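In what follows, a single structure is set out as structure tokens and then discussed.
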Amino acid sequence: MRELAGTWHRKGFTFAILALLPALIIYTLVRFIPIIETLRLSLFQWNLISRRKPFIGLDNFRELFTDSLFLEALRNTTIIAFGVLAITVPLGLVLAALIHHRTRSRFAGFYETSIFIPHVVSLVPAAMAWKWIFDARLGPLNTLLGFFGLPPQAWLFDPVLAIICVIVLCSWQALGYAVLIFLVGFKNIPQSLYEAARLDGASALQCFRHISIPQLKPVLLYVSVITLIAAFNIYAQVFVLASDSQGAPGRLVRVLVLDMLENSFRNYRVGYAAAEAVILLAIVLALTAIQFRVFREKGRP
Amino acid sequence: MSDRSLPAAEAGPSATTGERVLNGVIDVILIVFCILMLLPLVFLVSNAFKSPQELLQWPPTIIPRQATLENITSVLAETPLLRWIGNTFLFAVLSTVAIVTTSAVSGYVLGKFRFPGVHIIFGMILATAIIPFEVYMIPLYLGVQQLGLLNSLWGLLIGYLVMSFGIFLIRQYVIASIPDELIEAARIDGASEGWIFLRIVVPLMRGPLGTLAVLAFFQSWTAFTWPMIITATKESYTLEVGLALFQTGFTVDLGRLSAAAALALLPSILFFAFMRRNFVQGVASSGLKE
Numbered sequence: 001m002r003e004l005a006g007t008w009h010r011k012g013f014t015f016a017i018l019a020l021l022p023a024l025i026i027y028t029l030v031r032f033i034p035i036i037e038t039l040r041l042s043l044f045q046w047n048l049i050s051r052r053k054p055f056i057g058l059d060n061f062r063e064l065f066t067d068s069l070f071l072e073a074l075r076n077t078t079i080i081a082f083g084v085l086a087i088t089v090p091l092g093l094v095l096a097a098l099i100h101h102r103t104r105s106r107f108a109g110f111y112e113t114s115i116f117i118p119h120v121v122s123l124v125p126a127a128m129a130w131k132w133i134f135d136a137r138l139g140p141l142n143t144l145l146g147f148f149g150l151p152p153q154a155w156l157f158d159p160v161l162a163i164i165c166v167i168v169l170c171s172w173q174a175l176g177y178a179v180l181i182f183l184v185g186f187k188n189i190p191q192s193l194y195e196a197a198r199l200d201g202a203s204a205l206q207c208f209r210h211i212s213i214p215q216l217k218p219v220l221l222y223v224s225v226i227t228l229i230a231a232f233n234i235y236a237q238v239f240v241l242a243s244d245s246q247g248a249p250g251r252l253v254r255v256l257v258l259d260m261l262e263n264s265f266r267n268y269r270v271g272y273a274a275a276e277a278v279i280l281l282a283i284v285l286a287l288t289a290i291q292f293r294v295f296r297e298k299g300r301p
Numbered sequence: 302m303s304d305r306s307l308p309a310a311e312a313g314p315s316a317t318t319g320e321r322v323l324n325g326v327i328d329v330i331l332i333v334f335c336i337l338m339l340l341p342l343v344f345l346v347s348n349a350f351k352s353p354q355e356l357l358q359w360p361p362t363i364i365p366r367q368a369t370l371e372n373i374t375s376v377l378a379e380t381p382l383l384r385w386i387g388n389t390f391l392f393a394v395l396s397t398v399a400i401v402t403t404s405a406v407s408g409y410v411l412g413k414f415r416f417p418g419v420h421i422i423f424g425m426i427l428a429t430a431i432i433p434f435e436v437y438m439i440p441l442y443l444g445v446q447q448l449g450l451l452n453s454l455w456g457l458l459i460g461y462l463v464m465s466f467g468i469f470l471i472r473q474y475v476i477a478s479i480p481d482e483l484i485e486a487a488r489i490d491g492a493s494e495g496w497i498f499l500r501i502v503v504p505l506m507r508g509p510l511g512t513l514a515v516l517a518f519f520q521s522w523t524a525f526t527w528p529m530i531i532t533a534t535k536e537s538y539t540l541e542v543g544l545a546l547f548q549t550g551f552t553v554d555l556g557r558l559s560a561a562a563a564l565a566l567l568p569s570i571l572f573f574a575f576m577r578r579n580f581v582q583g584v585a586s587s588g589l590k591e
């Protein structure tokens with residue numbers, strides 16, 4: 001192929017450059033420059049309304065780590081991300097195992113589709129459905145609690161409970177993706193492994209524990225990292241679910257993106273918000289690095 | 302996904318009674334679970350047709366006893382919901398066209414041509430796929446503002462013109478499934494590079510391009526944060542933004558909220574139903590949705 005490429009070199013070169021040009025221009029304008037701009041702004045006291053925008057080095061970052069609102073946002077986002085992870089991965093794995101086991105069932109298509117649908121439908125209407133479920137006065141969840149003699153809870157007005165609600169909503173959504181990827185993983189495990197284990201008299205549970213889980217390790221890691229990254233960018237879900245006592249959307253559960261947007265659009269502190277964005281970037285890159293490292297050890301690209 | 306290989310435990314017609322009972326139990330567990338997963342959406346649609354009295358009933362009814370169109374008609378009268386749907390549709394279609402075009406051309410070039418820097422270009426494009434949009438959306442917003450494109454379709458589109466995963470998907474496909482010999486043969490016959498691309502390569506890429514189109518359309522159809530900061534007038538909202546702001550109003554009652562949400566949900570469910578195969582393929586081949 002390399003040889004062939006050599007002969008193309010002269011012939012296709014003009015076409016290749018011309019064809020790549022639009023994408024390259026777009027990428028430069030809407031990706032590369034804004035990313036570099038985020039890094040640059042984070043080092044300035046860049047205020048939308050003041051004319052002076054002095055370079056302040058790492059001061060924004062120093063201030064962030066004494067800013068109680070930012071720390072609260074970081075803490076909440078981390079709790080939500082790991083909460084979603086703790087529900088989605090084990091539950092997704094078990095469901096995928098069960099669905100895979102019942103591939104021949106006439107309901108197999110129904111299983112895959114109905115677990116996947118929450119992942120693909122529009123987020124805001126779906127979150128509104130959950131808002132009704134959690135509603136303190138009208139919601140079926142509290143009525144259900146009352147049915148068991150338990151007191152009603154102010155699900156969406158108590159900061160701790162509201163975080164739980166956000167985790168439930170996000171897990172409900174993320175589950176379909178996890179199940180789908182795990183199913184692909186299950187289908188890629190060589191059947192000979194199971195057959196050999198069967199001959200040695202291993203039970204279904206032993207097979208799951210000693211064959212499926214180790215074989216699925218890279219997939220497990222991939223889903224975990226993707227789930228965490230998605231949860232660190234969470235915004236729409238809290239916007240819909242968690243209004244504070246003044247009715248301001250999302251305020252009750254402060255998350256990173258919300259804090260970023262408030263800093264830039266309400267306080268006009270763009271440099272400061274950019275520093276937050278850089279921290280978000282650092283978290284995502286760290287997660288990705290962990291993923292790459294483990295994958296390399298496994299020898300699977 | 303077409304590989305229907307089964308674990309050893311699955312024994313088909315020769316299954317013993319014990320295995321059949323176990324399979325039955327698993328089916329019941331899965332059916333109950335799947336119904337629970339769907340229930341929030343089912344209730345949302347059903348609530349849209351309920352009268353205020355019926356909305357307060359316990360247990361909640363799934364099929365409204367006295368279905369009413371009151372909620373839907375009053376929502377359509379009160380909000381520019383149809384306009385929001387139109388905005389979102391236009392935004393999603395244009396974004397899909399842009400993403401499919403840029404991905405097809407760049408994916409092909411990056412997959413089949415070798416010249417200095419080609420790996421660097423691909424590496425940089427791929428690297429931006431990891432970086433979440435939220436990280437750089439504020440500088441991007443400032444750019445859109447300077448161009449005077451706030452509250453406009455073009456402002457929305459600027460954030461959704463390219464998709465790194467799309468370029469990656471097409472490149473992988475081109476490398477794996479489009480033989481060099483085919484392209485070389487056309488060259489020897491004197492075909493121009495543009496003709497080769499349009500007449501030979503694009504028709505061969507129909508499958509992955511379809512999958513990409515579905516992913517791209519849904520990505521912008523369900524986008525929230527970017528439209529939220531770019532649009533500030535009722536006329537320019539996308540469906541998700543209009544709905545999110547509508548639900549924060551204090552005066553709105555549950556029936557009308559559900560009606561608006563159900564109307565917003567319907568297109569995405571229908572679209573998914575029609576495009577299910579492409580969807581599952583796209584998501585399964587990599588979850589790098591941006």
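Residue numbers (the numbering used here), protein chains in the order written: chain A, 1 to 301; chain B, 302 to 591. Ideal placement from N, C-alpha and C gives every residue a C-beta, glycine not left out. Bear in mind the structure is a predicted one, so any value in this text is a computation, not a measurement.
### Query
In chain A, which residues lie with their C-beta within 9 Å of the C-beta of E371(B)?
Under the 9 Å cutoff, chain A gives no residues; its nearest Cβ is about 18 Å from E371(B).
### Query
Relative to the C-alpha of S212(A), which residue among L93(A), R106(A) and F147(A) is closest?
L93(A)
#### Entry: Assumed close pair V515(B), G583(B) - CB separation to whole angstroms, cut-off 8 Å
6 Å
### Message
Taking the alpha helix (DSSP H) that L138(A) belongs to, which residues open and close that run?
### Response
It is not in any alpha helix (DSSP H) - L138(A) carries neither H nor E in the DSSP assignment.
### Message
At the 7 Å Cβ level, is A16(A) part of the contact set with chain B, yes or no?
### Response
yes
### Message
Closer than 8 Å is the cut-off here; do at least three beta carbon pairs connect the stretch 277-286 of chain A with the stretch 36-50 of chain A?
### Response
yes
### Message
So, under 8 Å CB-CB, S171(A) and T103(A) are touching, yes? Tell me the CB distance rounded to an integer number of Å.
### Response
Not quite, the Cβ-Cβ distance comes to about 25 Å (not below 8 Å), so this is no contact.
### Task
Would you tell me roughly how many angstroms separate the C-alpha atoms of I468(B) and L228(A), rounded to the nearest one?
24 Å
### Query
From what residue to what residue does the alpha helix (DSSP H) around S328(A) run?
This structure cannot speak to residue 328(A), because chain A is shown only from 1 to 301.
### Message
Would you call the stretch 182-192 of chain A in contact with the stretch 257-264 of chain A, where contact means no fewer than 3 C-beta pairs closer than 8 Å?
### Response
no
### Task
Counting only runs of 3+ residues fully inside the stretch 339-427 of chain B, write out the beta strand (DSSP E) ranges in chain order.
none
#### Entry: Proximity of F15(A) and E494(B) at Cβ, strictly below 7 Å
yes
### Task
Please classify V376(B): is it buried, with 16 or more other beta-carbons within 10 angstroms of its beta-carbon, or exposed?
buried
#### Entry: Proximal residues of chain A, C-beta to C-beta of Q548(B) below 7 Å
M128 and V240
### Query
Applying a beta-carbon distance threshold of less than 7 Å, which residues of chain B neighbour S243(A)?
T549
### Task
Identify, in the order they occur along the chain, each residue of the same chain with its Cβ nearer than 6 Å to the Cβ of W46(A), setting aside the five sequence neighbours on each side.
K53, V270 and G271
#### Entry: Residue span of the alpha helix (DSSP H) that contains N579(B), given as start and end
L555 to S586
#### Entry: Buried versus exposed call for E112(A) [16 or more other C-beta atoms within 10 Å across all chains shown]
buried
### Query
Where does R102(A) sit, in a helix, a strand or coil, going by DSSP?
coil
#### Entry: Amino acids of chain B, ordered along the chain, whose beta-carbon sits closer than 7 Å to that of T288(A)
I431
### Message
Which of the three DSSP states is assigned to R40(A) in this structure?
### Response
helix
### Task
May I have the straight-line CA-CA distance separating W130(A) from V401(B), to the nearest angstrom?
34 Å
#### Entry: Nearest to L566(B) (by Cα), restricted to the options I327(B), S352(B), T523(B) and M576(B)
T523(B)
### Task
Use the C-beta contact count for N267(A): other C-beta atoms within 10 angstroms, 16 or more gives buried, fewer gives exposed.
exposed
### Message
Considering only their Cβ atoms, is the gap separating A574(B) from V346(B) smaller than 7 Å?
### Response
no
### Message
For I193(A), which residues in the same chain have their Cβ closer than 8 Å to its Cβ, ignoring the five residues on either side in sequence?
### Response
Residue identity differs from the one stated: residue 193(A) is Leu in this sequence, not Ile. Within the same chain, L193(A) has close Cβ partners I211 and Q215.
### Query
So D244(A) is in the alpha helix (DSSP H); what residue range does that whole segment cover?
Premise fails: D244(A) is in no alpha helix (DSSP H) and is neither H nor E.
### Task
Measure the C-alpha to C-alpha separation of Y437(B) and R198(A) and round it to an integer number of angstroms.
53 Å
### Query
How about A174(A) and V84(A): are their beta carbons less than 7 Å apart?
yes
### Message
Given a cut-off of 7 Å on the beta-carbon distance, is the pair V253(A) and N76(A) in contact?
### Response
yes
### Query
With 16 other CB atoms within 10 Å as the buried threshold, where does W496(B) fall?
exposed
### Message
Could you tell me the alpha carbon to alpha carbon distance between G247(A) and T549(B), rounded to whole angstroms?
### Response
7 Å
### Task
Please name the residues in the stretch 405-423 of chain B whose beta-carbon is closer than 9 Å to at least one beta-carbon of chain A, in chain order.
V406, S407, Y409, V410, L411, K413, F414, R415, F416, V419 and I422
### Query
Hey, how far is the Cα of F32(A) from the Cα of Y442(B)?
14 Å
### Query
Are there 16 or more other CB atoms within 10 angstroms of the CB of P541(B), so buried, or fewer, so exposed?
The sequence given here has Glu at residue 541(B), not Pro. Buried, since its Cβ has 16 or more Cβ neighbours within 10 Å.
### Task
Look at the Cβ atom of N452(B), then the Cβ atom of T539(B), and state whether they are nearer than 7 Å.
no
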